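Working notes, structure below.
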Amino acid sequence: MKFLTTLLLFLVVPILHGAKEEHKFYVSVTKVEYASETNALQIISSIFIDDIEEVLQKRYRKDVSLATNKETEADVVLLQQYVFQKLSVTTDGKPLKMKYIGREYDVDMVKIYIEIEEVTDFTSISIENSILQDLFEEQQNIVHVKKGGERKSMILNIDTPKGMLKFD
Numbered sequence: 000m001k002f003l004t005t006l007l008l009f010l011v012v013p014i015l016h017g018a019k020e021e022h023k024f025y026v027s028v029t030k031v032e033y034a035s036e037t038n039a040l041q042i043i044s045s046i047f048i049d050d051i052e053e054v055l056q057k058r059y060r061k062d063v064s065l066a067t068n069k070e071t072e073a074d075v076v077l078l079q080q081y082v083f084q085k086l087s088v089t090t091d092g093k094p095l096k097m098k099y100i101g102r103e104y105d106v107d108m109v110k111i112y113i114e115i116e117e118v119t120d121f122t123s124i125s126i127e128n129s130i131l132q133d134l135f136e137e138q139q140n141i142v143h144v145k146k147g148g149e150r151k152s153m154i155l156n157i158d159t160p161k162g163m164l165k166f167d
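Residue 167 in numbering that gives the first Met the number 0 sits at position 168 of the sequence shown, with consecutive numbering throughout.
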């Protein structure tokens, strides 16, 4: 019995320790969709909660807490403030003003909802997304843009935090 207990400890402890390791990749996904019927860009940015929480703690306050009962309205304001500093959108060379709609938590991700109103039809869209790149050099921010039936994508990183897509 003692042998079995010792064997279980040698097998279970490394597994549990490995489960606590941070994920090895740093990625966010931002979806941008042009709604021609309302002349608006609808944006959903999905970011790992632990990563965004860590950057907020290092940039602002050590006690920032997201997706827990300790989360405060001030934490949500910091989240919005950070995202608006790191994400910008331009169509046909014209900078656009983003409107924060809200956020929701989905398992280990936070989904941030943003809208840009009064967007006329455009042929090019430039997006700068440097979210988390000030903390994680390996961070990649995948951006998908949908306009009409066309969908285009780009990957932004620390060397190329901004990209442009052209539409017909």
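For glycine and all other residues, C-beta sits at the position ideal for the given N, C-alpha and C. Here the structure is a predicted model, which means the values were calculated and not measured.
Excluding the 5 residues flanking residue i on each side, which residues of the same chain have their C-beta closer than 6 Å to its C-beta?
{"i": "V26", "result": "Q139"}
{"i": "K110", "result": "I43, S45 and E103"}
{"i": "M153", "result": "V142 and G162"}
{"i": "K19", "result": "Caution applies to K19, whose pLDDT of 43 falls short of 50 and renders its modelled position unreliable; the value that the coordinates give is listed next. Taken in chain order, the list of residues that qualify is empty."}
{"i": "Y59", "result": "L77"}
{"i": "L164", "result": "I124, V144 and K151"}
{"i": "D50", "result": "L131"}
{"i": "G147", "result": "none"}
{"i": "T89", "result": "S125"}
Taking the straight line between their C-alpha atoms, what separation do you get for residue i and residue j?
{"i": "I157", "j": "Q84", "result": "15 Å"}
{"i": "S125", "j": "T67", "result": "34 Å"}
{"i": "E136", "j": "E127", "result": "16 Å"}
{"i": "K161", "j": "D107", "result": "26 Å"}
{"i": "K145", "j": "L86", "result": "17 Å"}
{"i": "V31", "j": "K61", "result": "32 Å"}
{"i": "D167", "j": "V28", "result": "24 Å"}
{"i": "F47", "j": "S129", "result": "14 Å"}
{"i": "T71", "j": "F24", "result": "28 Å"}
{"i": "L155", "j": "K69", "result": "32 Å"}
Under a Cβ-count criterion, where at least 16 other Cβ atoms within 10 Å of its own Cβ denotes burial, should residue i be classed as buried or exposed?
{"i": "T37", "result": "exposed"}
{"i": "A34", "result": "exposed"}
{"i": "D177", "result": "Absent from the model: residue 177. The displayed extent of the chain is 0 to 167, so no value can be given."}
Looking only at C-alpha atoms, which of the options sits nearest to residue i?
{"i": "V76", "options": "T90, E137 and E52", "result": "E52"}
{"i": "L78", "options": "V88, V63, K69 and T90", "result": "V63"}
{"i": "V54", "options": "E70, G148 and L134", "result": "L134"}
{"i": "Q132", "options": "T159, G148, T119 and E149", "result": "T159"}
{"i": "G101", "options": "V82, V88 and T119", "result": "V82"}
By Cβ distance, which residues of its chain are closer than 7 Å to residue i, with the 5 residues on each side in sequence left out?
{"i": "D91", "result": "F121, T122 and S123"}
{"i": "K57", "result": "L134"}
{"i": "Q41", "result": "E32, A34 and E114"}
{"i": "T119", "result": "N38"}
{"i": "Q80", "result": "none"}
I'd like the list of long-range same chain contacts for residue i, defined as Cβ closer than 8 Å, with 5 residues on each side in sequence excluded.
{"i": "E149", "result": "F166 and D167"}
{"i": "D74", "result": "L55, V63, S64 and L65"}
So, is the C-beta of residue i closer than 8 Å to a C-beta in chain D?
{"i": "D62", "result": "Of the chains in the structure shown, none is chain D; there is only one protein chain."}
| query | Are there three or more Cβ pairs, one per stretch, closer than 8 Å when the region 111-121 is compared with the region 88-96? | reply | Three or more beta-carbon pairs separated by less than 8 Å link the region 111-121 to the region 88-96, which places the two stretches in contact.
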